[in-house]
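Here is the structure we will look at, set down as structure tokens.
Residue numbers (the working numbering), protein chains in the order written: chain A, -13 to 307; chain B, 6 to 473; chain C, 6 to 331.
Following this line, the structure appears as structure tokens:
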């Protein structure tokens, strides 16, 4: 990964981290409604994949999708506004945390139904194939989704039709409060790729370079029309499944253990080592992102609520074809 | 305090009347009883007297207006008296019928319950009868009134009061077809006018109405009918051409309809059986002659009525009525005396007949018969009978069977007094004989006591001195 | 105009639209080589190739979801359902995704998606292959629902569906595929949504019927006419949007209505239509609106039983007389 790319990935990871921390903070202050599903600790996968995708490539994401959205170019202020249900959010306040989407920039949406978005990426890949472009579509999903029927149907379809789809399973060891091993027939989900006649790879999801290697390969394969890939990124979420999760299903020791493998800290160490950034520059970077996120918070807080008179808008598209 | 002049209830069935004309004007001084307005219902035209003496302060309903009974139509009081409060009260509480429509009243006539009270009138409780006046099938239940939204819409379009219509829908609901039927294109006329038109076979559309907005009154119908008759007569010269050959349709309205229903109902309800007896009227004839000589005019019927009254006193079961769980023997003896009219039959009541003298019976029956023939009978006159007598002797009948006048328990049919051969002490003689037929309700009284009653009448008539 | 069967009318419109617009493609089970169990896509794969006329695995959720992804990214997929009973296998993708994505994304996405297939009784296919599913798609906001009862209507409505930028549930009927009539040849012939068709005029009672029931309503109308009752038969054609104006206009005239559909009576679209009529046309009504629909049991296999469950001509005839108080 060249320096430029490293800095971009780092910048993205930090933005995701601080955005999530701010979201947690706002939730605890009761300024956010519903609940949010934080991806703190999992930033490397989203940031690295996002860095290697083109603007016209597609992604679909999950209920834990803030990171993917930001990695695909979402602005923190509009994202934060959407979390607060404001008119200025990406979805005008209609979708909330679990449905942030920006179709124009290729983000086909986070999805609150586990596995619900996997086929959409598949369809985007089909669309690219029919139109004869070399766009690719990435579907982010978790270890829990790998046991949904839809996962299997979609991988099968992607394989038989040779679609330019990349299926990225972020295995963060738990499906909500259930340990992955207790509900999954295989230790490594990537093994299932063989069932669908596509390459499957396990990577350390907290190592940007490992992720980079895998995603570059998959993108190249897809753009060349050679078909789909399944990547399993082992990672961990530091916070509970949802804000307020008492986390009775795991030990504090386990959490601490994974915190040691923090992808951001690892990259910071790497950058310092390779003299890409100094400690001082890193601190400044933190401050810069802090400011960015603070501004996003202010923007969201000051934004207007949606007008109830518009509640029936956009059920249908009645524009000219 | 001023006195209200109201639209008076003139008959059991009456719910509203039409003011034909005011006979006094605002400002006129009137004595109590002076006729101050003329009104028409489905049964009669009548002049109404002032309820109090004083000045006719204000007339609030005008000629041609259809007014529900008991509503105020004028005020009588002291000249110059302030009645603004009374007028204000009237404004807020009355449901005025400004349209002057008679269609609701037409519905009354059409349903047939509004006919002149014949033998059937007293049979039902007043409340139920008023219900009947308002609409056919509603009469069967005193319950809530239903109408479909469409019926209400159509009624409103046509200026009809849906509440006044008969409903043919489920549970008596008034539905569209009922409204459309009621609003058929017909000329505006008072109910009495319609009855007269129907009975004389006059086409209402050919009658010119002298009422407001061309409304047709009875007198207009009568005039038209007379004119037609005259016109018909003028053509009498041509022999066969003048003889009507078409079928004549007489609509079943008013009194005829009422009698028709009541007769059927009577036979359906009561267990009617008949006893016949022949009375030797010799002594009665003799007595009558003696009285005539003494310038006391009584008819045979009067004497028969007296005999019946006496017999009812000794045979109270013949003077009773059957309720759901009891037979009630009336305390009073009110004998209905059937009177034949052009339109049909009416039975004014001889009140407390047992307390009247022969002369009393005579004068009272004559008064009632006269009133009946001129349409002047009021509610009290044909209400409250306990037994009836029908005399068709003038038609030379030997005897006949009458139908019980519900809810009474018996009716006596009197035939002609005819000279006939009779056996007396083994000898053949000629006697004036009269055939009496007693129709009695076997539910209330059995054959033997009924026979005893009839024999009692015979005994009194054959020994009239016992009536003293 | 050409006389053609309902199934052929469908096929012709798909072909015409695919020729005119390269973003239109078809996916479904056994629609390519076979041309569909009822022939609705016969010959299409030969003309347009396997790319644009695709046989999918038996994976309804999978291919509906894939269709959604394609519709979000510039394509106009037509998703074929061999039996609309199978929509239940794909309900998450249909009702949680297709119906909702545009709204949840604040209007910043469109899904020009057609889900088409057949439903209903008529071939002894028993409980899970004879149902009527329209009520689910009129209930959850986001879909439009069309139910053509004739070949010509199928053609006109399908064209509108394909050109619509929204998810359309296009409901055909297995027993109507073989019916034929004159269909306009014009490749632009389209029937707008929200426009009911008065199949028969009358002044005494309005009978609102969908799909297979339209024919039965017309038969019932003949029987009624012989008894002096003139029925007006109206086919809504699209249940969502619903042409309430035409229905009310008719009921203003007649004052009485019967709504009949093949789906179960309880909580069916007839309940919605009757309620809308009651709410907006209360004063026109001389009698309550009567609904007819299948009895509340799973559709039985036996033909005798099936006929006892689904409304027949006699049921419609009786109901119409009932609201006329005759």
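A virtual CB, placed ideally from N, CA and C, is assigned to each residue, including glycine.
In the DSSP assignment, find the unbroken alpha helix (DSSP H) run with residue i in it and report its ends.
i: residue 76 of chain A; result: That residue, residue 76 of chain A, is in no alpha helix (DSSP H); it is neither H nor E in DSSP.
i: residue 259 of chain A; result: 249 to 259
i: residue 58 of chain C; result: That residue, residue 58 of chain C, is in no alpha helix (DSSP H); its beta strand (DSSP E) goes 58 to 60.
i: residue 454 of chain B; result: 452 to 467
i: residue 311 of chain B; result: 305 to 319
Between which residues of its own chain and residue i is the CB-CB distance below 6 Å, once the five residues before and five after are set aside?
i: residue 463 of chain B; result: 282 and 284
i: residue 300 of chain C; result: 314
i: residue 121 of chain A; result: 42, 43 and 114
i: residue 270 of chain C; result: 296 and 298
i: residue 206 of chain C; result: 237
i: residue 212 of chain B; result: 221, 225, 226 and 229
i: residue 120 of chain B; result: A caution first: residue 120 of chain B carries a pLDDT of 39, below 50, which makes its placement in the model too unreliable to give a value.
i: residue 21 of chain A; result: 228 and 229
i: residue 205 of chain B; result: 230
i: residue 320 of chain C; result: 297
i: residue 246 of chain A; result: none
i: residue 286 of chain C; result: 253 and 256
i: residue 390 of chain B; result: 339, 341 and 354
i: residue 98 of chain A; result: 49 and 84
i: residue 316 of chain C; result: 265 and 297
i: residue 154 of chain C; result: 216, 219 and 240
If you follow the beta strand (DSSP E) that residue i is part of, which residue opens it and which one closes it?
i: residue 396 of chain B; result: 392 to 396
i: residue 81 of chain B; result: 77 to 82
i: residue 113 of chain C; result: Unbroken run through residue 113 of chain C: none, as it is neither H nor E.
i: residue 61 of chain B; result: 59 to 64
i: residue 224 of chain A; result: Element bounds for residue 224 of chain A: n/a, residue is neither H nor E.
i: residue 71 of chain B; result: 71 to 73
i: residue 325 of chain B; result: 325 to 327
i: residue 265 of chain C; result: 262 to 269
Note down, in chain order, each residue of its chain lying with its Cβ closer than 7 Å to the Cβ of residue i, except the 5 sequence neighbours on either side.
i: residue 198 of chain C; result: 149, 151, 165, 243 and 246
i: residue 42 of chain C; result: 35 and 87
i: residue 53 of chain A; result: 2, 25, 28, 29 and 32
i: residue 89 of chain C; result: 122, 123, 124, 138 and 176
i: residue 386 of chain A; result: Residue 386 of chain A is absent from the model: chain A starts at -13 and stops at 307.
i: residue 166 of chain A; result: 129, 157, 159 and 160
Apart from the five residues on each side of it in sequence, which residues of its chain come closer than 8 Å, Cβ to Cβ, to residue i?
i: residue 88 of chain B; result: 7, 62, 63, 80 and 82
i: residue 19 of chain A; result: 70, 71 and 82
i: residue 280 of chain B; result: 442, 443, 445, 452, 455, 456 and 459
i: residue 239 of chain C; result: 201, 202, 203, 204, 211, 212, 213, 214, 251, 252 and 255
i: residue 283 of chain A; result: 8, 12 and 66
Starting from residue i, follow its DSSP beta bridges and name the residues at the other end.
i: residue 123 of chain C; result: C:177
i: residue 433 of chain B; result: B:428
i: residue 441 of chain B; result: B:282 and B:419
i: residue 93 of chain A; result: A:45 and A:88
i: residue 82 of chain C; result: C:30
i: residue 507 of chain B; result: Within the shown structure, residues of chain B are numbered from 6 to 473, placing residue 507 of chain B beyond reach of any answer.
i: residue 211 of chain C; result: C:237 and C:262
Members of the stretch 268 to 295 of chain C near chain B, C-beta cut-off 8 Å: 287, 288, 289, 290, 291 and 292
Contact set between the stretch 289 to 304 of chain A and chain C, restricted to residues whose Cβ is under 7 Å from the partner: 299, 300, 301, 302 and 303
Continuous alpha helix (DSSP H) assignments of at least 4 residues falling wholly in the stretch 217 to 246 of chain C: 217 to 231
Sequence ranges, alpha helix (DSSP H) only - wholly within the stretch 146 to 212 of chain A, length at least 4: 166 to 169 and 194 to 209
Residues from the stretch 147 to 163 of chain B in contact with chain C, defined by Cβ distance under 8 Å: 153, 154, 155, 156, 157 and 158
Interface positions of the stretch 96 to 116 of chain A facing chain C (Cβ-Cβ less than 9 Å), listed along the chain: 97, 98, 99, 101, 102, 103, 104, 105, 106, 107, 108, 109, 110, 111, 112, 113, 114, 115 and 116
Within 8 Å of chain A by C-beta, residues of the stretch 132 to 148 of chain C in sequence order: 146 and 147
Near-chain B residues of the stretch 199 to 218 of chain C (beta-carbon distance less than 9 Å), N- to C-terminal order: none
Beta strand (DSSP E) segments (min. 3 residues) lying fully within the stretch 108 to 145 of chain A: 123 to 128
Under 7 Å (Cβ pairs) to chain A, residues found in the stretch 82 to 115 of chain C: 97, 98, 101, 102, 106, 107, 108, 109, 110, 111, 112, 113, 114 and 115
Complete runs of the alpha helix (DSSP H) confined to the stretch -4 to 38 of chain A [at least 4 residues]: 29 to 38
Within the stretch 327 to 356 of chain B, ranges of the beta strand (DSSP E) (whole runs, at least 3 residues): 332 to 334 and 340 to 342
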